[in-house]
Amino acid sequence: MADLRVNIAGVELKNPVIPASGAYGFGREYECLYPLSELGGISCKGMTLRGQNGNLPPRVAETPSGMLNSVGLQNGGIDHFIQEELPYLEQQDTVIIANVAGHTIEDCVEIAQKLEPTKVDIIELNISCPNVKQGGAAFGTSCSAAEEITHAVRRHTTKPLMVKLSPNVTSITDIAKAVEAAGADAVSLINTLLGMRIDINTRRPILKNNVGGLSGPAVFPVALRMVWQVANAVNIPVVGMGGIATAEDAVEMMMAGACAVQIGAAIFADPWTPVKVIRGLNDWCDQHGVRRVADLTGTVQPW
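Position in the sequence shown (from 1) plus 7 gives the number in this note's numbering.
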């Protein structure tokens, strides 16, 4: 068997496969299918400082080779996570990644402070949320805003800080370099691409929010390209996601520069996907004489 262990900013994972935030909740619904300890880690449902209900339905729509969602970060808040969800996750023998978001820098700083004494292994800072103090533009769409929020959170936590990047930008490499300069220990990408569908009978958008985030196989080539670009622009670990559904997809993403991968939309079609990818990675490595899956990272050879 291949050595599937990988490392993200000093945190060792038993394998590089992580269910993505928003697609897996806190894992409770899946433990009847397989032990969560088989996973490299779990990126938890995105959490805000206080609980919020999210957007009005309909908030999920099918698209060719993917799906749109505008769930709107429905969650119980960081205190609920620490009191109700974290004790369960601590018993699962897997790396715990807390995905956090806020509408102000102060929100994110307070969340980081609350997580500091906990057994969370990595904080994943979602900078796709609107900055309400700056007119509603997402933190992750400008280098200055991305750098500012990363620097503020970095100052208030000693935990490894991974920043989740939005693809809805002119240059994702510039954003990645900005958060690296501000103290990020790793980056994860891509978050969903902004998309839309229309009901031609009612002439209204299918989603109540009008637009939503596109995920699924349709975004994989875009995600792969962005991971490759960012991996060649920064000196911190890159975690790749976006349309991964098979072990071969994971191999591609790692060859592009990812040290680990996250799986999202594919889980809705087949909840066994993360385990299948883990086993498929081992088989692929055995068949191709790869002793350590970590040796795949960044091995693509451009023409």
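All residues carry an ideal CB built from backbone N, CA and C; glycine is no exception.
#1: With distances taken Cα to Cα, identify the nearest neighbour of Cys115 among Asp100, Glu97, Cys136, Thr101.
#2: What are the boundary residues of the beta strand (DSSP E) that Asn82 is part of?
#3: What are the start and end residues of the alpha helix (DSSP H) that includes Leu231?
#4: Of all the alpha helix (DSSP H) runs that stay within the bounds of the segment 123 to 166, which reach a length of 4 or more residues?
#5: When you compare only the Cα positions, how much space is there between Ser173 and Gln98?
#6: What span of residues does the beta strand (DSSP E) with Leu168 cover, start to end?
#7: Whole angstroms are fine: how far does the CA of Asn208 sit from the CA of Val245?
#8: Can you name the start and end residues of the alpha helix (DSSP H) that Asn289 belongs to?
#9: If we ignore side chains and look at the alpha-carbon of each, how far apart do Asn82 and Lys52 end up?
#10: Going by CA-CA distance only, name the one from Glu155, Val170, Phe88 that's closest to Leu132.
#11: Measure from the alpha carbon of Ile118 to the alpha carbon of each residue in Tyr31, Val176, Val160, then state which is nearest.
#12: Suppose only complete runs of 3+ residues qualify. What are the beta strand (DSSP E) ranges in the segment 246 to 281, listed by chain order?
#13: For Gln59, which of helix, strand or coil comes out of DSSP?
#14: Quick one: what does DSSP say Ala191 is sitting in, helix, strand or coil?
#15: Would you mind working out which of Asn216, Ala240, Pro42, His110 sits nearest Pro64, comparing C-alpha positions?
#16: Check whether the segment 252 to 270 touches the segment 17 to 24, counting contact only when three or more Cβ pairs, one atom from each stretch, lie closer than 8 Å.
#17: Going straight from the alpha carbon of Arg298 to that of Val218, what length do you get?
#18: Find the nearest neighbour of Met248 within the set Asn239, Tyr41, Pro224, judged by alpha-carbon distance.
#19: Apart from the five residues just before and just after Val127, which ones in its own chain have a Cβ nearer than 8 Å to its Cβ?
#20: What would DSSP say about Ser44, mapped onto helix, strand or coil?
#21: Mark Ala27 as exposed unless 16 or more other C-beta atoms lie within 10 angstroms of its C-beta, in which case mark it buried.
#22: Excluding sequence positions up to five away, which residues of its chain have a Cβ less than 8 Å from the Cβ of Val186?
#23: Quick one: what's Thr70 bridged to in DSSP?
#24: Helix, strand or coil: how does DSSP classify Asp100 here?
#25: Leaving aside the five residues before and after Ser44 along the sequence, list all residues of the same chain whose C-beta is less than 7 Å from its C-beta, in chain order.
#26: Taking Cβ positions, are Leu221 and Thr253 nearer each other than 9 Å?
#27: What residue from Gln120, Gly147, Tyr37 has the CA that sits closest to Asn175's CA?
#28: For Ile85, is the classification buried or exposed, using 16 other Cβ atoms within 10 angstroms of its Cβ as the cut-off for buried?
Checking against the coordinates, here is how it stands:
#1: As a working mapping, residue 115 is identified with position 108 in the sequence shown. Here the closest residue by C-alpha is Cys136.
#2: If you number the sequence shown from 1, residue 82 lands on position 75. Residues 82 to 84.
#3: Here residue 231 corresponds to residue number 224 of the sequence shown, with the count starting at 1. 227 to 238 is the extent of the alpha helix (DSSP H) around Leu231.
#4: 150 to 161
#5: Numbered from 1 along the sequence shown, position 166 holds the residue referred to as residue 173. Numbered from 1 along the sequence shown, position 91 holds the residue referred to as residue 98. When rounded, the distance between both Cα atoms is 32 Å.
#6: The residue given as residue 168 occupies position 161 in the sequence shown. Element bounds for Leu168: 168 to 171.
#7: As a position in the sequence shown, residue 245 is number 238, starting the count at 1. As a position in the sequence shown, residue 208 is number 201, starting the count at 1. When rounded, the distance between both Cα atoms is 43 Å.
#8: Position 282 of the sequence shown holds residue 289. Note, Asn289: alpha helix (DSSP H), 280 to 294.
#9: As a working note, residue 82 is residue 75 in the sequence shown. As a working note, residue 52 is residue 45 in the sequence shown. One C-alpha to the other measures close to 7 Å.
#10: Indexing the sequence shown from 1 puts residue 132 at position 125. If we check each option's Cα against that of Leu132, Val170 comes out closest.
#11: Taking the first residue of the sequence shown as 1, we reach residue 118 at position 111. The candidate whose alpha carbon is nearest that of Ile118 is Val160.
#12: 267 to 270
#13: Walking along the sequence shown from the start, residue 59 turns up at place 52. Reduced to three states, the DSSP call for Gln59 is strand.
#14: The sequence position of residue 191 within the sequence shown is 184, counting from 1. The answer is coil: DSSP assigns Ala191 none of H, G, I, E or B.
#15: What you label residue 64 is simply residue 57 of the sequence shown in a count that begins at 1. The candidate whose alpha carbon is nearest that of Pro64 is Asn216.
#16: yes
#17: Position 291 of the sequence shown, counted from the first residue, corresponds to residue 298. Position 211 of the sequence shown, counted from the first residue, corresponds to residue 218. So the two alpha carbons sit approximately 44 Å from each other.
#18: Stepping through the sequence shown from its first residue, residue 248 is reached at position 241. Measuring from the Cα of Met248, the nearest candidate turns out to be Pro224.
#19: Sequence index remark: in the sequence shown, residue 127 carries index 120 (1-based). Correct list, in chain order: Leu93, Ile103, Ile104, Ala105, Lys166.
#20: Mapped onto the sequence shown, residue 44 falls at position 37. The answer is helix: DSSP assigns Ser44 an H, G or I state.
#21: By 1-based counting over the sequence shown, the position of residue 27 is 20. By the 10 Å Cβ count, Ala27 comes out buried.
#22: For the purposes of this step, residue 186 is taken as residue 179 along the sequence shown, with counting starting at 1. Once the five neighbours on either side are set aside, the close Cβ partners of Val186 are Ile134, Ala153, Glu154, Thr157, Val170, Leu172, Val194.
#23: Within the sequence shown, numbered from 1, the residue matching residue 70 stands at position 63. DSSP, once it has assigned bridges, lists Gly73 as partnering Thr70.
#24: Position 93 of the sequence shown, counting from 1, holds the residue named residue 100. Here Asp100 sits in coil by DSSP.
#25: Sequence index remark: in the sequence shown, residue 44 carries index 37 (1-based). Gln99, Asp100, Thr101, listed in sequence order.
#26: Here residue 221 refers to the residue found at position 214 of the sequence shown. Here residue 253 refers to the residue found at position 246 of the sequence shown. The answer is no: Cβ separation not under 9 Å.
#27: Taking the sequence shown and counting its residues from 1, one reaches residue 175 at position 168. Residue Gly147 is the option with its Cα nearest to Asn175.
#28: Numbered from 1 along the sequence shown, position 78 holds the residue referred to as residue 85. By the 10 Å Cβ count, Ile85 comes out buried.
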